[in-house]
Every structure is written in structure tokens, then in C-alpha cells.
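Read left to right, the sequence shown gives residues 1226 to 1541 (my numbering).
Notes for the one structure printed next.
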Amino acid sequence: MKVLANDGISQSGVDALKSKGFEVITTKVAQEQLENYINENKIDALLVRSATKVRKDLIDACPSLKLIGRGGVGMDNIDVAYAKEKGLHVINTPAASSASVAELVFAHLYGGVRYLYDANRNMPLEGESKFGQLKKAYAAGTELRGKTLGIIGIGRIGQETAKIALGVGMKVVAFDPFIENVNIELNFFDGQKLNFNIETVSKEEVLKQADFLTLHVPAQKEYVLGKKEFGLMKDGIGIVNAARGGVIDEVALVDALDSNKVAFAGIDVFENEPTPAIKVLMHPKISLTPHIGAATGEAQDRIGVELADQIASLLK
Ligand SMILES: NC(=O)c1ccc[n+]([C@@H]2O[C@H](COP(=O)([O-])OP(=O)(O)OC[C@H]3O[C@@H](n4cnc5c(N)ncnc54)[C@H](O)[C@@H]3O)[C@@H](O)[C@H]2O)c1
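Shown next, in the form of C-alpha cells:
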């Protein structure tokens, strides 16, 4: 059986598929040539990330396809319901990247409380001539230990983020309209375990208590954080969005940063991806990454192996 991994797949995923008897093709076929390629090569399974679109017309035009797999979480680029209606398997790997996204949240938070996002911009320009001034400018750092992290959306990634927060000595408060409480198990290197029960509270309560706030919700119709919500927060809060562009109102965020309501923001996902607003990109108080939450070797390995296991159990 043939698997076309059109947006790439980790070597461990390729190895796992090959060991289960699949032929794996990692050629990147352009969207408009995909139909021909799949039909000429009688592809059984098409694997994508977020780039390749798998819409109704492609599904209809490619009768050899038995499975569509998405390495990662969101399946907005796939007509999932239609594919299932046509008898195709549609799979993804929702848990594989959670820990990597959570670590990126803390990269933004630790960078934020010590001004790394700004120091890294200014040291190359003025580090030689104005070392003393820069040292002063970044002298008011804070620690995360002992502070309160507000988590909005305590699903897979929210829980992984809570684990790190608890591990570094933060208090965690969470809001999730669909979850009343979660058990967070911390696993240590020597086999010790610690369990924490976190009961969710109202969104307002999270906004009121949080020294730092991180969002882990799916794409929404309305902003989760807009002007009204910023008004309810503590002055000088730090905010991270590694969930989805569009869950924070970027205009309200920039206003809140300009008025010092928000001290800094860490942004991995943007309202207008892949061409984010210049005001966001140029803002001196925003720590920026280009949607790389899941982009670690470990997450990509887990994604590849998980896809391979699911494909083998469904198609063999
Ligand atoms: N930055 C990246 O590269 C990257 C990588 C993977 C996932 N993500 C994104 O992270 C987000 C979370 O992923 P996950 O795997 O944790 O999903 P999940 O489904 O496990 O958890 C999402 C949680 O949000 C809750 N929720 C829904 N609407 C809410 C609201 N309005 N307010 C508060 N909570 C709400 C749900 O009840 C659920 O518990 C998704 O948007 C996903 O696309 C980003």
C-alpha cells in the first residue's frame, strides 16, 4: 500500500510505516497536481499537515484514497465530514504535540519576564555603545515562581502547560466551560509522582487573579480576549497565545500593551496568518514566533509514529 506524505513526515514515521509494509512517498506534490499524482500512483493514504488542502473535489476525484491523515491537531484544511461520508478514514494526532506547545508557552513567559524579546532586538544595535543603559532598562525583571498562571481552556495543551507551571512553583487557575476539574499528574525523572486537582473557576475570576495568562482553546467565532476582558485583568499582566489566531483581539491587545495594562505578550499564532499585522510584528513588547508550537523533533517523531500506528491498524 502506498502512503503519500505530502507535507512531510518525520524519519521515525517513515521507518514505522516501512516496517509495517507500506511504501512511503515524501515528494511534495503541488496542490493542483495532486489529483493526477494520486490517481497515477494509486495512493491509498494521503498524509498532510496544514498546507495541503483535501477538499470535496479532490476526494471525489481520487477513488484509490482510503485514508486521510493530519499530522497535528486542527483539520480545517480537510473536508472531514464529507470524507467520512464517502467511507474514508480520517485521522489526526491530537495529543502528540501538546508538551511541545506547553514548553513554547514557557519560553515566551520566561523570555517575557526578563525582557529577552527586547534585549535580543537591542543588544545587536546598541549593546556595544549603550551597555549600561540597556542593563538598566532590563533591570526590573520578575520571577515566575510564586505567581499565578491563568489558563483559559484546560484541555490537552492547557494541562501540559499546568504541569510545567506547577513544577516551577506557580499557582494555576483555570477556566473551561466544558471541564469542572482536572487531575494533573506530575511525573519526575526518578519515578516519583505528584497529583494536583484543579477545579475550574469563572473566566472573570481567572482574569482577576492571573499574573500571567495563556490561552489553549480551539478556534472560536468570537474573541476570547477583547477590550472588555483586558479591562478585568491585573495591571502589568503577561499574556501568551499559542492557540489560534483570532482568539485574541489584536487591536485591543496592542492598545493594552501601549497603555501598560499588559506588560508583554508572547504570540505564536496570528489573526492574519501567514501575513500578520505589521503593528503586531513591530511591537516592542511582543515576543514573536511564527506558529512553531508543535515544531520540535520530539513532537514530529510522536506525530509520525502515531500516524503510522493508526494507519496500520486501519488499513492492514
Ligand atoms: N501553536 C501551535 O503550533 C499549536 C499546536 C497544536 C495545537 N494548537 C492549538 O492549541 C489549541 C488547544 O489544543 P488542545 O489540543 O489543547 O485542544 P483540546 O480540545 O484538548 O482543549 C481545548 C479546550 O478548550 C476548551 N474551550 C473551548 N472553548 C473555550 C472557551 N471559549 N473558553 C475556555 N475554554 C474553552 C475546551 O473545553 C477544551 O477543554 C487549539 O486551538 C490548537 O489548534 C496550536
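Ideal Cβ placement from N, Cα and C applies to all residues, glycine included.
* Asked: Taking C-alpha atoms, which residue in Leu1329, Tyr1262, Ile1473, Gly1416 lies nearest to alanine 1286?
  -> Sequence index remark: in the sequence shown, residue 1286 carries index 61 (1-based). It is Tyr1262.
* Going along the chain, which residues of its own chain have a beta-carbon closer than 6 angstroms to the beta-carbon of glycine 1383, five neighbours each way excluded? -> Working through the sequence shown from its first residue, we reach residue 1383 at position 158. Excluding positions up to five away in sequence, the list reads Ile1376, His1441.
* Asked: Which one of Ala1390, Thr1277, Glu1385 has the shortest CA to CA distance from glycine 1371?
  -> The residue given as residue 1371 occupies position 146 in the sequence shown. The shortest Cα separation from glycine 1371 among Ala1390, Thr1277, Glu1385 belongs to Ala1390.
* Asked: When you compare each of Asp1240, Asn1231, Asp1301, Met1226 to glutamate 1531 by their alpha carbons, which one comes out closest?
  -> Position 306 of the sequence shown, counting from 1, holds the residue named residue 1531. The option with the nearest alpha carbon to glutamate 1531 is Asp1240.
* What number of angstroms, rounded off, separates the C-alpha of arginine 1527 from the C-alpha of isoleucine 1234? -> For the purposes of this step, residue 1527 is taken as the residue at position 302 of the sequence shown. For the purposes of this step, residue 1234 is taken as the residue at position 9 of the sequence shown. If you take the alpha carbons of arginine 1527 and isoleucine 1234, they lie about 10 angstroms apart.
* Asked: Tell me, which residues are paired with isoleucine 1250 by DSSP?
  -> Here residue 1250 is taken as the residue at index 25 of the sequence shown, counted from 1. DSSP output for isoleucine 1250 lists Leu1229 as bridge partner(s).
* To do: Please report how far the alpha carbon of glutamate 1475 lies from the alpha carbon of glutamate 1496, in whole angstroms.
  => In the sequence shown, residue 1475 corresponds to position 250, counting from 1. In the sequence shown, residue 1496 corresponds to position 271, counting from 1. Rounded to the nearest angstrom, the two C-alpha atoms are 7 angstroms apart.
* To do: Could you tell me the boundaries of the beta strand (DSSP E) in which glycine 1491 lies?
  => Position 266 of the sequence shown, counted from the start, is the residue given in the question as residue 1491. Where glycine 1491 is concerned, the enclosing beta strand (DSSP E) stretches over 1487-1492.
* Asked: Which of helix, strand or coil does DSSP assign to lysine 1396?
  -> Walking along the sequence shown from the start, residue 1396 turns up at place 171. Lysine 1396 falls in the strand class under three-state DSSP.
* **Where histidine 1217 sits in the DSSP three-state scheme** => With the chain running from 1226 to 1541 in the structure shown, residue 1217 is simply not present.
* Asked: What first and last residue would you give for the beta strand (DSSP E) that runs through histidine 1333?
  -> Mapped onto the sequence shown, residue 1333 falls at position 108. Not the beta strand (DSSP E): histidine 1333 falls in the alpha helix (DSSP H), residues 1323-1338.
* Among residues of its own chain, excluding the 5 on either side of glycine 1521, which ones have a beta-carbon nearer than 6 angstroms to its beta-carbon? -> Translated into the one-based positions of the sequence shown, residue 1521 becomes position 296. Contrary to the premise, residue 1521 reads as threonine rather than glycine in this sequence. Once the five neighbours on either side are set aside, the close Cβ partners of threonine 1521 are Ser1325.
* **CB of asparagine 1347 within 8 angstroms of CB of leucine 1359, strictly** => As a position in the sequence shown, residue 1347 is number 122, starting the count at 1. As a position in the sequence shown, residue 1359 is number 134, starting the count at 1. Their beta carbons are under 8 angstroms apart, which means asparagine 1347 touches leucine 1359 by this criterion.
* Boundaries of the alpha helix (DSSP H) in which lysine 1361 is found, first to last residue -> In the sequence shown, counting from the first residue as 1, residue 1361 sits at position 136. Residues 1356-1362.
* Kindly list the residues whose CB is nearer than 8 angstroms to the CB of serine 1289, restricted to its own chain and excluding five residues on each side of it in sequence; keep chain order. => Within the sequence shown, the letter at position 64 stands for residue 1289. Result list for serine 1289: Ile1263, Asn1264, Lys1267, Ile1268, Asp1269, in chain order.
* To do: Kindly examine ligand 1 and report whether one of its heavy atoms sits closer than 7 angstroms to the Cβ of alanine 1387.
  => On the sequence shown, residue 1387 is found 162 positions in, with the first residue counted as 1. It does not: the Cβ of alanine 1387 is nowhere closer than 7 angstroms to a heavy atom of ligand 1.
* Could you pull the start and end residues of the alpha helix (DSSP H) that glycine 1294 belongs to? => Translated into the one-based positions of the sequence shown, residue 1294 becomes position 69. Looking at the DSSP string, glycine 1294 is not in any alpha helix (DSSP H); the run it does join, the beta strand (DSSP E), is 1292-1295.
* **Per DSSP, the bridge partner or partners of glycine 1463** => Within the sequence shown, the letter at position 238 stands for residue 1463. Paired residue(s): Phe1437, Phe1489.
* **Exposed unless 16 or more other CB atoms sit within 10 angstroms - verdict on alanine 1306** => Reading the sequence shown from its first residue, position 81 is the one you call residue 1306. Its Cβ having fewer than 16 others within 10 Å, alanine 1306 is exposed.
* Sorry if obvious, but does the Cβ on arginine 1295 come closer than 7 angstroms to a heavy atom of ligand 1? -> Locating residue 1295 in the sequence shown gives position 70, where the first residue counts as 1. Arginine 1295 Cβ: outside cutoff for every heavy atom of ligand 1.
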